[in-house]
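Take a look at the structure set out below.
Numbering (my numbering), first residue to last: 718 to 907.
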């Protein structure tokens, strides 16, 4: 059921998804779906939370240890790009082309992204400090938001240009994202 739901939500978005198609794809009845999930929203949120945990687990593993910041950032970017490459349905669920419109579901989506950003900020705190930034400062928050938006845009670009290798995309990301951080690290943040 979970795989069928992931396909449906990633292909059609929340509003366009059909519990009937999910049930048919999973080989069960809608009643069986409702035995496990009280509503379409409950199924969507459970799936969204599970995929967020999975992505964050990959990023956490990549950022483990005390390697130099450049190595940690490269490993994190590699993990993010590998997730986008090998888990395209999960990536589209987490980063849909169009955010859900239904207010409660849009709120669920924003909450998970906000929670993920806070967790990522805490994982990157040692690198922010090495760059002379207070990890809790607005500047560090703005830099993280900029990096997240850039990575999301980069993956969208990559999906349109699938012949570009992950290594080439990773190198481009490092040049664009790391050069700015490295400059902060060398000068000390202001």
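Here a beta-carbon is modelled for each residue, glycine too, at the ideal position from N, C-alpha and C.
Predicted model, so just to flag it, every value in this text is computed and none were measured.
Exercise. How long is the line joining the alpha carbons of residue 779 and residue 840, rounded to whole angstroms?
Worked result: 10 Å
Problem set entry | Selected residue, minimal CA-CA separation from residue 787, among 721, 844, 852 and 750 | 844
Problem set entry | Own chain, CB closer than 7 Å to residue 867, minus 5 neighbours either side, in chain order | 893 and 894
Exercise. Over what stretch of residues does the alpha helix (DSSP H) that includes residue 888 continue unbroken?
Worked result: 883-890
Problem set entry | Option nearest residue 837 by Cα separation, candidates 728, 742, 774 and 822 | 774
Exercise. How about residue 820 and residue 730: are their beta carbons less than 8 Å apart?
Worked result: no
Exercise. Apart from the five residues on each side of it in sequence, which residues of its chain come closer than 8 Å, Cβ to Cβ, to residue 737?
Worked result: 747
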